[in-house]
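*Asks:* Just passing along the structure, written as structure tokens.
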Amino acid sequence: SIKQQGGNGFQFYNKALEEQIMEEQTIENHLHHAIERKEFRLVYQPIVNGERGTVEAYEALLRWNHPAHVNLGVQQMIQIAEQNGQILEIGSWVLEEACRQNQKWRKSLQKPDLVICVNVSALQFEQRTFTQTIRETLRKTGLPGHCLELEITERIAMTGMEEKLEKMKELKEMGVRMAIDDFGTGYSSLSYFTRYPIDTLKIDKSFINKMGEDQGAETIVNTIINMAHSMEMKAVAEGVETREQMDYLLSKKCDFLQGYYLSKPMEAKVVDGTSQIND
Ligand code: C2E
Ligand code: MG
Ligand code: MG
Ligand code: MG
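Position 211 (the sequence shown) corresponds to 1702 in the numbering used here; numbering is contiguous.
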């Protein structure tokens, strides 16, 4: 009967939830040793100047090698690490590794202005010591501030404005660049962005993905590009997968392109060997 089915459904739901909680607990335990066991690495995706076709930045993306979690998406992993605070330690590791790598590439690829883009989670950014951590990391690795871009989300930018404004100004004084990631998916009030010293808007890949089939998406993309330019910011399109998408974005004067059509994220070693094909 329907009633019985409902009962089974509920039981099933409970079991699924229980398993999920156990799974998350296991992930948390494994994450606890991930840094010391050197299970993390970064891969790097090129960000290409639309007009010149040159690679001007790489986005650092976290990967976790653990035999029990080969199919775990990084986003899911980050979410768990955010819930229990482990993201702070992981985030520091990412930041230092990314800066150190970019400092090497600036020399080996002979690109003194090469920028490394690093995703920063809300918990990290909201730490009182965040700007100090950035300052320390730049000092330790020798990377100039203007070669680091921090990607934050709209959610971070939204709350506690005055305090965040202070932080961003301090980061700006170090030359560090600021980007809003996944732009267009959040609920930010536009008035924030005129006050924050943001350099880059990264258009969320869901809009790029829908271009061509959804006119609304094209309008949004176009609007974000124009908005970025009117605020003297750069627009980056994420998730560019086709020639058509690229052509459209270039016709709309999108400053930078990132996506599988141009390149998938690469191992550092592979980037090492790209100095000839970069320009
Ligand atoms: P994100 O910051 O928006 O990064 C872009 C994501 O889009 C990456 O997924 C990248 O591999 C993927 N991508 C790039 N081009 C294409 C494309 O053409 N098509 C499609 N379908 N996808 C594309 P990834 O590496 O799985 O990372 C997912 C998210 O996890 C990131 O989204 C970011 O929010 C988060 N993340 C990754 N690394 C870190 C990190 O070190 N720290 C923090 N806090 N978050 C991170
Ligand atoms: Mg990002
Ligand atoms: Mg991100
Ligand atoms: Mg994004």
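For every residue, glycine included, the Cβ atom is placed at its ideal position computed from N, Cα and C.
Taking 7 Å as the line, does the beta carbon of K1696 fall inside it for any heavy atom of ligand 4?
*Replies:* As a working mapping, residue 1696 is identified with position 205 in the sequence shown. Yes.
*Asks:* Can you check DSSP and say which residues form a bridge with S1672?
*Replies:* Taking the sequence shown and counting its residues from 1, one reaches residue 1672 at position 181. Note that residue 1672 is Asp in the sequence shown, not Ser. Its beta-bridge partners are T1644.
*Asks:* According to DSSP, V1606 sits in a beta bridge with which residue or residues?
*Replies:* For the purposes of this step, residue 1606 is identified with residue 115 of the sequence shown, where counting begins at 1. A1548, per the DSSP bridge assignment.
*Asks:* Between which residues of its own chain and I1493 is the CB-CB distance below 7 Å, once the five residues before and five after are set aside?
*Replies:* Within the sequence shown, residue 1493 is the residue found at index 2, counting from 1. Confidence in I1493 is poor, its pLDDT being 46 and thus under 50, which makes the residue's placement too unreliable to answer from.
*Asks:* Let's test the definition: count the other Cβ atoms within 10 Å of the Cβ of T1644 and tell me whether it reaches 16, buried, or not, exposed.
*Replies:* In the sequence shown, counting from the first residue as 1, residue 1644 sits at position 153. It is buried - the Cβ of T1644 has at least 16 other Cβ atoms within 10 Å.
*Asks:* Applying the criterion that 16 or more other CB atoms from any shown protein chain within 10 Å of the CB defines a buried residue, is T1517 buried or exposed?
*Replies:* Translated into positions along the sequence shown, residue 1517 becomes position 26. Its Cβ having fewer than 16 others within 10 Å, T1517 is exposed.
*Asks:* Under three-state DSSP, which class holds A1559?
*Replies:* For the purposes of this step, residue 1559 is taken as the residue at position 68 of the sequence shown. Helix.
*Asks:* Could you tell me how far apart the beta carbons of L1533 and V1585 are, in whole angstroms, since I believe they sit closer than 8 Å?
*Replies:* In the sequence shown, residue 1533 corresponds to position 42, counting from 1. In the sequence shown, residue 1585 corresponds to position 94, counting from 1. Rounded, the Cβ-Cβ distance is 7 Å, consistent with contact.
*Asks:* Just the Cα atoms here: how many angstroms apart are E1657 and A1719?
*Replies:* The residue you call residue 1657 lines up with position 166 of the sequence shown. The residue you call residue 1719 lines up with position 228 of the sequence shown. C-alpha separation (whole angstroms): 22 Å.
*Asks:* Just to confirm the assignment: which complete beta strand (DSSP E) runs, minimum length 3, are found wholly within the stretch 1725 to 1751?
*Replies:* 1725 to 1728
*Asks:* Assuming T1622 contacts L1662 (C-beta within less than 8 Å), just tell me the rounded distance between them.
*Replies:* The residue given as residue 1622 occupies position 131 in the sequence shown. The residue given as residue 1662 occupies position 171 in the sequence shown. Indeed, because the Cβ distance is near 6 Å, the residues count as touching under 8 Å.
*Asks:* Return the chain-ordered list of same chain residues with a C-beta closer than 7 Å to the C-beta of M1659, the five sequence neighbours on each side being excluded.
*Replies:* Locating residue 1659 in the sequence shown gives position 168, where the first residue counts as 1. M1669, Y1687 and P1688, listed in sequence order.
*Asks:* What three-state label does DSSP hand G1601 in the structure shown?
*Replies:* Numbered from 1 along the sequence shown, position 110 holds the residue referred to as residue 1601. Strictly speaking, residue 1601 in this sequence is Gln, with Gly absent from that position. The answer is coil: DSSP assigns Q1601 none of H, G, I, E or B.
*Asks:* Here's a check: name, in chain order, each residue in its chain whose Cβ is nearer than 6 Å to the Cβ of E1732, leaving out the five neighbours to either side.
*Replies:* The residue labelled residue 1732 in the question sits at position 241 within the sequence shown. The residues are G1750, Y1751 and Y1752.
*Asks:* Output the distance between the C-alpha atoms of L1634 and K1602, rounded to the nearest integer angstrom.
*Replies:* Numbered from 1 along the sequence shown, position 143 holds the residue referred to as residue 1634. Numbered from 1 along the sequence shown, position 111 holds the residue referred to as residue 1602. Counting only the Cα atoms, K1602 lies some 13 Å from L1634.
*Asks:* Are there 16 or more other CB atoms within 10 angstroms of the CB of A1525, so buried, or fewer, so exposed?
*Replies:* Mapped onto the sequence shown, residue 1525 falls at position 34. With 16 or more Cβ atoms within 10 Å of its Cβ, A1525 is classed as buried.
*Asks:* Residues in the same chain with beta-carbon distance under 6 Å from T1676, minus the five sequence neighbours each way, listed in chain order, please.
*Replies:* Translated into the one-based positions of the sequence shown, residue 1676 becomes position 185. Same-chain partners within the cutoff: D1695.
*Asks:* Does the structure place the stretch 1704 to 1724 close enough to the stretch 1741 to 1750 that three or more beta carbon pairs sit under 8 Å?
*Replies:* yes
*Asks:* Cβ atoms of D1690 and K1725: under 8 Å apart, would you say?
*Replies:* Here residue 1725 refers to the residue found at position 234 when the sequence shown is read from its first residue. Here residue 1690 refers to the residue found at position 199 when the sequence shown is read from its first residue. In this structure, D1690 lies closer than 8 Å to K1725 by Cβ.
*Asks:* Please state whether DSSP places K1506 in a helix, a strand or coil.
*Replies:* Along the sequence shown, read from residue 1 onward, the residue named residue 1506 stands at position 15. It is helical.
*Asks:* For ligand 5, is there a heavy atom less than 7 Å away from the beta-carbon of E1642?
*Replies:* Summarising the ligand content, the structure contains ligand 1, ligand 2, ligand 3 and ligand 4 and does not contain ligand 5.
*Asks:* Please tell me whether V1667 and I1711 are closer than 8 Å, where the distance is taken between their beta carbons.
*Replies:* What you label residue 1667 is simply residue 176 of the sequence shown in a count that begins at 1. What you label residue 1711 is simply residue 220 of the sequence shown in a count that begins at 1. Cβ atoms of V1667 and I1711: not closer than 8 Å.
*Asks:* If you follow the beta strand (DSSP E) that K1701 is in, where does it begin and where does it stop?
*Replies:* By 1-based counting over the sequence shown, the position of residue 1701 is 210. For K1701, no beta strand (DSSP E) segment is defined; the enclosing uninterrupted segment is the alpha helix (DSSP H) at K1696 to K1701.
*Asks:* Is the beta carbon of A1551 less than 8 Å from the beta carbon of C1638?
*Replies:* Here residue 1551 is taken as the residue at index 60 of the sequence shown, counted from 1. Here residue 1638 is taken as the residue at index 147 of the sequence shown, counted from 1. No, the pair does not count as a contact, with Cβ atoms beyond the cut-off.
*Asks:* So the candidates are I1538, R1619, Q1566 and D1738; which of them puts its Cα closest to the Cα of M1606?
*Replies:* Along the sequence shown, one-based indexing puts residue 1606 at 115. According to the sequence provided, residue 1606 is Val. The question's Met does not apply to it. Checking every option, the nearest Cα to that of V1606 belongs to I1538.
*Asks:* Taking just the CA atoms, how far does A1613 sit from I1647?
*Replies:* Residue 1647 sits at position 156 when you count from the first residue of the sequence shown. Residue 1613 sits at position 122 when you count from the first residue of the sequence shown. Distance between the alpha carbons of I1647 and A1613 is about 6 Å.
*Asks:* Count the other CB atoms within 10 Å of the CB of A1559; is the residue buried (16 or more) or exposed (fewer)?
*Replies:* Working through the sequence shown from its first residue, we reach residue 1559 at position 68. So A1559 counts as exposed.
*Asks:* Using the rule of at least 16 other Cβ atoms within 10 Å of the residue's Cβ for burial, across every protein chain shown, is K1655 buried or exposed?
*Replies:* Here the question's residue 1655 lines up with position 164 in the sequence shown. K1655 is buried by the Cβ-count criterion.
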